[in-house]
Amino acid sequence: MFSVGEDYENAEYIVFGVPFDSTTTFIPGCRFGPLAIRIFSENIDYPDMDEVCLRIADLGDLVPTVNVRWMLKRVYRVVEKIIGDEKKPIILGGEHTLTLASLKALAKHVEPTVIIFDAHLDLRSEFMDTRINHATWLRRFLEKKTGKVAVVGCRDFSREELEYAEKNVDLLISTESIEKNIDEAVDRFNNFLKDSGKIYVSIDLDVLEQQGIIGVSNPSPRGLTYIQINKFLNKIPIEKIIGLDVVEANPLIDRGVSASHGAHLISYIIFHQRL
Ligand SMILES: [Mn+2]
1234 MFSVGEDYEN AEYIVFGVPF DSTTTFIPGC RFGPLAIRIF SENIDYPDMD
1284 EVCLRIADLG DLVPTVNVRW MLKRVYRVVE KIIGDEKKPI ILGGEHTLTL
1334 ASLKALAKHV EPTVIIFDAH LDLRSEFMDT RINHATWLRR FLEKKTGKVA
1384 VVGCRDFSRE ELEYAEKNVD LLISTESIEK NIDEAVDRFN NFLKDSGKIY
1434 VSIDLDVLEQ QGIIGVSNPS PRGLTYIQIN KFLNKIPIEK IIGLDVVEAN
1484 PLIDRGVSAS HGAHLISYII FHQRL
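Here you go:
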């Protein structure tokens, strides 16, 4: 899918990978996520895919680093350039921390509505002796927040994170509330989107149910099915989406199950409303 090979100048979507997992505190390996998502993206078919003619350019991966500040700097620079050129980034992770830099770059240009699918809240003040990592990045963003933020599919979080979320996150849809009544949860999501401006979507693949032994850095059982996630994605108007990222795929654990889900979710977001 990404290998359509459009020139940067002509492309609407700009793909790049962030092969970084250096702040991972549990299972390392999502630095191999971008490569795996690309491989699986080449085996996706929709009946009318050829007619849709998406203009996608793939820049490849960022220069690798094990320094989180350098990773964030590089993501920031690339996203700022892409948005400045009025194109839309599609970022292949890599750990979730990268979203912090992507949102900071976006916030220079627009007040984004941020939709996060994640089993976790990533709202710890600090975690394992560092302040910038996969478990704290959303807190660092909310401390200088612009726009609105929704988290969908959360189920694993501390008391401290929940209390912070109740004050600072605009919409929280827990896995529990989706289990109880998904139609009501989707309605709440839809209402939230009504007065939104440009939308950024961030999908941590650990939001998915784990029965396929899905490879992610921090597995969490009783997640959402692919079809449940699609019910939420269906409500996001494609013309409002300014960028997206899909993070935490670890192909070393599951031989690509999570990467395959990631590739399909990206294609679902950018194709399904055009078919
Ligand atoms: Mn997570």
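Just so you know, we're using our numbering here: the sequence shown kicks off at 1234 and counts up by one. All C-beta atoms in this analysis are idealised placements derived from N, C-alpha and C, irrespective of residue type, glycine included.
Closest Cα partner of residue i within the set the options
i, options, result
"Glu1393", "Phe1425, Leu1457, Leu1354 and Glu1481", "Leu1354"
"Lys1400", "Cys1387, Leu1356, Arg1421 and Ala1269", "Leu1356"
"Phe1390", "Thr1369, Lys1473, Leu1336 and Lys1321", "Thr1369"
"Leu1295", "Leu1305, Leu1287 and Asp1403", "Leu1305"
"Ala1334", "Ile1349, Asp1351 and Arg1310", "Arg1310"
"Glu1412", "Arg1455, Asp1420, Asp1439 and Leu1404", "Arg1455"
"Lys1381", "Leu1438, Ala1340 and Glu1275", "Ala1340"
"Glu1319", "Leu1325, Pro1297, Lys1378 and Ile1475", "Ile1475"
"Asp1403", "Lys1378, Val1301 and Asp1416", "Lys1378"
"Ser1453", "Lys1464, Phe1465, Ile1460 and Asp1437", "Asp1437"
"Ile1270", "Asn1451, Lys1431 and Asn1483", "Asn1483"
"Leu1325", "Phe1235, Gly1430, Lys1314 and Glu1396", "Phe1235"
"Gly1317", "Arg1302, Ala1338 and Val1301", "Ala1338"
"Val1440", "Gly1430, Phe1465, Asp1420 and Ser1429", "Phe1465"
Contact test: residue i Cβ vs ligand 1 heavy atom, cutoff 7 Å
i, result
"Asp1437", "yes"
"His1353", "yes"
"Asn1200", "No answer is possible for residue 1200: the residues shown for the chain start at 1234 and end at 1508."
"His1494", "no"
"Asn1451", "yes"
"His1497", "no"
"His1329", "yes"
Counted within 10 angstroms of its Cβ, other Cβ atoms place residue i as buried (16 or more) or exposed
i, result
"Cys1263", "buried"
"Asn1366", "buried"
"Ile1471", "exposed"
"Arg1373", "buried"
"Cys1387", "buried"
"Gly1448", "buried"
"Gly1327", "buried"
"Val1308", "buried"
"Ser1493", "buried"
"Glu1481", "buried"
"Ile1499", "buried"
"Gly1489", "buried"
"Lys1427", "exposed"
"Arg1364", "exposed"
"Asn1424", "exposed"
"Ile1247", "buried"
"Thr1458", "exposed"
"Phe1397", "Contrary to the premise, residue 1397 reads as Tyr rather than Phe in this sequence. The residue is buried, with at least 16 neighbouring Cβ atoms inside 10 Å."
"Phe1350", "buried"
"Ile1502", "buried"
"Asn1414", "exposed"
Residue i versus residue j: straight-line alpha-carbon distance, rounded
i, j, result
"Thr1257", "Leu1477", "21 Å"
"Ser1435", "Leu1268", "18 Å"
"Gln1443", "Ile1462", "14 Å"
"Val1285", "Met1361", "46 Å"
"Ala1383", "Phe1273", "28 Å"
"Arg1288", "Ile1469", "20 Å"
"Val1510", "Ser1358", "Here the chain comprises residues numbered 1234 to 1508, so residue 1510 is not present and cannot be evaluated."
"Pro1280", "Lys1321", "25 Å"
"Tyr1433", "Ile1348", "6 Å"
"Asn1467", "Ser1255", "34 Å"
"Leu1331", "Glu1245", "21 Å"
"Ser1407", "Ile1315", "32 Å"
"Asp1291", "His1329", "20 Å"
"Leu1395", "Asp1283", "45 Å"
"Gly1250", "Val1479", "10 Å"
"Phe1253", "Pro1297", "7 Å"
"Asp1416", "Trp1303", "42 Å"
"His1497", "Glu1344", "28 Å"
"Phe1265", "Phe1259", "16 Å"
"Gly1430", "His1342", "12 Å"
"Leu1485", "Asn1451", "14 Å"
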